[in-house]
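Protein chains in written order, with our numbering: chain A, 101 to 279; chain B, 101 to 279. Heads up, the beta-carbon is just placed ideally off N, CA and C, and yes, glycines get one too. Scroll down for the structure; my scribbles are underneath it.
Protein chains: 2
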Amino acid sequence: MHHPVRNKNGETIASAVTNLDLHDISRAAKTYGVKGFYVVTPFADQQAIAEKIVSHWTDGYGGVYNPERKAALELVRIRESFACVVEEIRRDHPLGVQVVVTSASDKKDALRFEDFRRLLTENRSAYLLVFGTGWGLTEEFIQAADFILEPIRGGFAYNHLSVRSAAAIILDRVLGSPV
Amino acid sequence: MHHPVRNKNGETIASAVTNLDLHDISRAAKTYGVKGFYVVTPFADQQAIAEKIVSHWTDGYGGVYNPERKAALELVRIRESFACVVEEIRRDHPLGVQVVVTSASDKKDALRFEDFRRLLTENRSAYLLVFGTGWGLTEEFIQAADFILEPIRGGFAYNHLSVRSAAAIILDRVLGSPV
């Protein structure tokens, strides 16, 4: 999500799309069997840049040079709003879409990783796992979700992972083979 | 490690340093209490670029703007060879340095994540966890290590994570709080 997210001062902004987010998160998604990776930005120019990067790998020379990148980036779908994403998933999932947001800070009644893992195996709904860029999703957006996932704990006070690292770790905790 | 690694054709090369590797891996290292993050490249110009990026955050305006980046990037040490890194760590660790290499493919007698976790708690040696860039560490380098860590399993055939994602997931599996 590039909007609605916060900047350093807590103001609601739209952040810029980062090339390596597309690569890293699509590769992690492909590794763990995720069905789709939506990138949300309201800006037409940002959508165009992201589409151009993705199509280089899915339709252009990139896919010939590196078929593994093609397989990952084929998961990427660039959309203008979160509402569009939910609507699109709902069309293919009559049992509904459950929205699970992530946050680096502790929230009341957070969903534990092990409970999310169990929900995914027991339940037939679609689950949409949401990551904010910039300084994170807005509080209003977080509170409107069906579930708030517990933050990643490294065992120390520092909790400033990149969105790329956080996505990789969370997919591994929720979908990876048990250690 | 930017050398000795393989390119797409299996030839031994030195890969280019990537800005976001420095940020993402240092932030993950800081999250999980890692003592240092060494970046190895034999090229003086690449060393200079990496030092310039790091010093912007540790000594320059970046550290004022974003102290959390400063705290992470202070872990980065750029060195010209793997031998220099081992020698440097050994100086501070009279009980020695154990080298643990990572690989995306299955290797004979691989160290399991849970066993590595146990080694770290039971043993007083320093452990140096090594990640290759490009198409991975050379086979010769891998076979010379004390341990080869088992690959990350996502439960599917695809195993092409970025080095940034792989480092984040492995640190979480080995040092993170149990799920």
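If you scan the region 129–153 of chain A from start to end, which runs of the beta strand (DSSP E) of 3 or more residues do you find wholly inside it?
Within the region 129–153 of chain A, the complete beta strand (DSSP E) runs of at least 3 residues are 137–140.
Would A:T238 pass as a contact of A:V105 if the rule is Cβ separation under 9 Å?
yes
At the level of alpha carbons, what is the spacing between A:L275 and A:E187?
24 Å
Say whether the region 248–258 of chain A touches the region 203–212 of chain B, bearing in mind that this needs 3 or more beta-carbon pairs closer than 8 Å, one atom from each stretch.
no
From which residue to which residue does the beta strand (DSSP E) around A:V199 run?
197–201
Starting from the N-terminal side, write out each stretch of the beta strand (DSSP E) that is 3 residues or longer and does not extend beyond the region 151–215 of chain B.
176–179, 197–201
Start-end ranges of the beta strand (DSSP E) lying completely within the region 214–251 of chain A, minimum 3 residues:
226–230
Using a Cβ-Cβ cutoff of 9 Å, what residues of the region 128–148 of chain A are near chain B? List them in chain order.
Residues A128, K130, T131, Y132, G133.
Does the beta carbon of A:D206 sit closer than 9 Å to a beta carbon anywhere in chain B?
Under the Cβ criterion of 9 Å, A:D206 is not counted among the residues facing chain B.
As a quick exercise: from A:V199, A:V263, A:Y161, A:I113, pick the residue whose alpha carbon is nearest that of A:L220.
A:V199
Is there a Cβ of chain A sitting closer than 9 Å to that of B:V161, yes or no?
The residue asked about is misnamed: residue 161 of chain B is Tyr in this sequence, not Val. Output row for B:Y161: interface = no.
Would a check of beta-carbon distances place B:F256 closer than 9 Å to chain A?
yes
Is A:R106 helix, strand or coil by DSSP?
strand
Report all residues from its chain with a CB closer than 7 Å to the CB of B:G234; omit the five preceding and five following residues, and keep chain order.
V105, R106, N107, I113, S115
Mind listing which residues of the region 168–182 of chain A have their C-beta closer than 9 Å to chain B's C-betas, in chain order?
E168, R169, A171, A172
Please determine, among B:A226, B:H103, B:A267, B:Y161, the residue with the shortest C-alpha to C-alpha distance to B:R179.
B:H103
Can you check which of these residues, B:I242, B:K152, B:R127, is closest to B:K135 by C-alpha distance?
B:R127
Looking at the C-beta of B:S115, does it have a partner C-beta in chain A at a distance below 9 Å?
no
Take every Cβ of the region 167–176 of chain B, pair it with every Cβ of the region 143–159 of chain B, and state whether three or more of those distances are shorter than 8 Å.
yes
Is it buried or exposed, A:Q243, if we count other Cβ atoms within 10 angstroms and call 16 or more buried?
exposed
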